[in-house]
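Residue numbers (my numbering): 1041 to 1410. For reference, the structure is listed below as structure tokens.
Here you go:
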């Protein structure tokens, strides 16, 4: 007897090069096509990741300048597609969908996935009190809420009264085979010779703390070199900071890369200087290439995925000197590269995580294994 496939409508702003987009791409690439039909609805069909989207995925372009202008188009798409599941990610888009959820049949399962620690992320919004109010008033409209870490779950419950029984904790998947393919590619990437090479990857924005990381290079001697991969609004500010501190010979801003994994494999240490995160994919991806990490012990799930002294180090004090000191300690530490990769594969391999998502999609309720 044939089982009717569930139609999942993934709603996202775009397919730019962020962590949330990488997770969604990994999920739709590996999700069981015999049980699910994924459809992407983008408020704007743009971004680096369009080129790697599986060819069998239908993409609907709402052609809206911003998500808030797309709400009626999203509602119209739900009526037209008639999905079994509406799955959205990124906070402001989740809120818009939570607002319209009561106008649709209860037979449609509405699921949100949070990509950051909400109480801190809301502080970055133009109207933080409005965002806090909306999370308290409408977020429980979702049938299921997925957070990437226990820290994020507890933040929603404590600060916004989100019903804990509606929340599932699902760590991010790591496509180790895909990463290895990129590592083995013939693409030529050269890092400075005779240096202890540090790598950071992410959007050039205040959240990522690249200003702090650049400042830490001031306290490190010339045997260290930092490469930053990413693009964003803070590029000019960060370049000015590099010049002001006189660390031009120790820092390279290399822009966006479609293959950050080769850099991760070639570097000696991955560094995460974020002020807050949900669950940083880049740490897991670096581990998948056998590279240890040093990370700020910021709000979010970072401490849940770093095994201290075995896969990386946490920096307890949030300042440049402490970060520099931890980097120096990492240089002198003996890391077991195979252990690092095996730890990542055991806990975050893509098949394990995707299977959890599939169980959630089939049940529409909290997964007891979370």
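Where a beta carbon is used, it is the ideal one built from N, C-alpha and C, also for glycine. Keep in mind the model is a prediction, meaning the values are calculated, not measured.
Provide the residue(s) that pair with residue i in DSSP beta bridges, ordered along the chain.
| i | result |
| --- | --- |
| residue 1184 | 1151 |
| residue 1237 | 1265 |
| residue 1354 | 1335 |
| residue 1078 | 1048 |
| residue 1099 | 1080 |
| residue 1208 | 1186 |
| residue 1389 | 1214 |
| residue 1309 | 1238 |
Spell out whether any CB of chain D is found under 7 Å from the CB atom of residue i.
| i | result |
| --- | --- |
| residue 1165 | Checking the listed chains, one finds no chain D in this structure; it contains a single protein chain. |
When burial is assigned at 16 or more other CB atoms within 10 Å of the CB, is residue i buried or exposed?
| i | result |
| --- | --- |
| residue 1048 | buried |
| residue 1058 | buried |
| residue 1377 | exposed |
| residue 1188 | buried |
| residue 1198 | exposed |
| residue 1073 | exposed |
| residue 1061 | buried |
| residue 1286 | exposed |
| residue 1094 | exposed |
| residue 1081 | buried |
| residue 1264 | buried |
| residue 1303 | buried |
| residue 1305 | buried |
| residue 1168 | exposed |
| residue 1162 | buried |
| residue 1357 | exposed |
Report, in whole angstroms, the separation of the C-beta atoms of residue i and residue j, which I expect to be a contact under 8 Å.
| i | j | result |
| --- | --- | --- |
| residue 1360 | residue 1227 | That belief does not hold up - the Cβ atoms of residue 1360 and residue 1227 are roughly 32 Å apart, past 8 Å. |
| residue 1257 | residue 1204 | Actually they do not touch by this definition, with Cβ atoms about 42 Å apart. |
| residue 1354 | residue 1346 | 6 Å |
| residue 1233 | residue 1206 | So it is not a contact: roughly 53 Å between Cβ atoms. |
Here's a check: name, in chain order, each residue in its chain whose Cβ is nearer than 6 Å to the Cβ of residue i, leaving out the five neighbours to either side.
| i | result |
| --- | --- |
| residue 1152 | 1128, 1134, 1182, 1185 |
| residue 1340 | 1157, 1191, 1316, 1317, 1318 |
| residue 1056 | 1087 |
| residue 1210 | 1186, 1396 |
| residue 1124 | 1046, 1047 |
For the ligand ADP, is there any heavy atom lying closer than 6 Å to the beta carbon of residue i?
| i | result |
| --- | --- |
| residue 1346 | Absent from the structure shown: the ligand ADP. Ligands present: none. |
For residue i and residue j, what's the separation of their Cα atoms in angstroms?
| i | j | result |
| --- | --- | --- |
| residue 1327 | residue 1142 | 42 Å |
| residue 1251 | residue 1270 | 14 Å |
| residue 1411 | residue 1090 | Outside the shown range of the chain (1041 to 1410) lies residue 1411, about which nothing can therefore be said. |
| residue 1069 | residue 1237 | 32 Å |
| residue 1246 | residue 1314 | 8 Å |
| residue 1099 | residue 1051 | 10 Å |
| residue 1041 | residue 1403 | In this prediction, residue 1041 has a pLDDT of 43, which is less than 50 and means its spatial position is unreliable; what the coordinates show is noted afterwards. For residue 1041 and residue 1403, the distance between alpha carbons rounds to 20 Å. |
Please go through the same chain and pick out, in chain order, the residues whose beta-carbon is closer than 7 Å to the beta-carbon of residue i, but skip the five residues on each side of it.
| i | result |
| --- | --- |
| residue 1176 | 1200, 1201 |
| residue 1301 | 1219, 1222, 1223, 1325, 1329 |
| residue 1214 | 1324, 1325, 1328, 1384, 1388, 1389, 1390 |
| residue 1144 | 1118 |
| residue 1132 | 1107 |
| residue 1170 | none |
Could you pull out every residue in the same chain whose Cβ sits closer than 8 Å to the Cβ of residue i, ignoring the five residues on either side in sequence?
| i | result |
| --- | --- |
| residue 1230 | none |
| residue 1120 | none |
| residue 1164 | 1246, 1247 |
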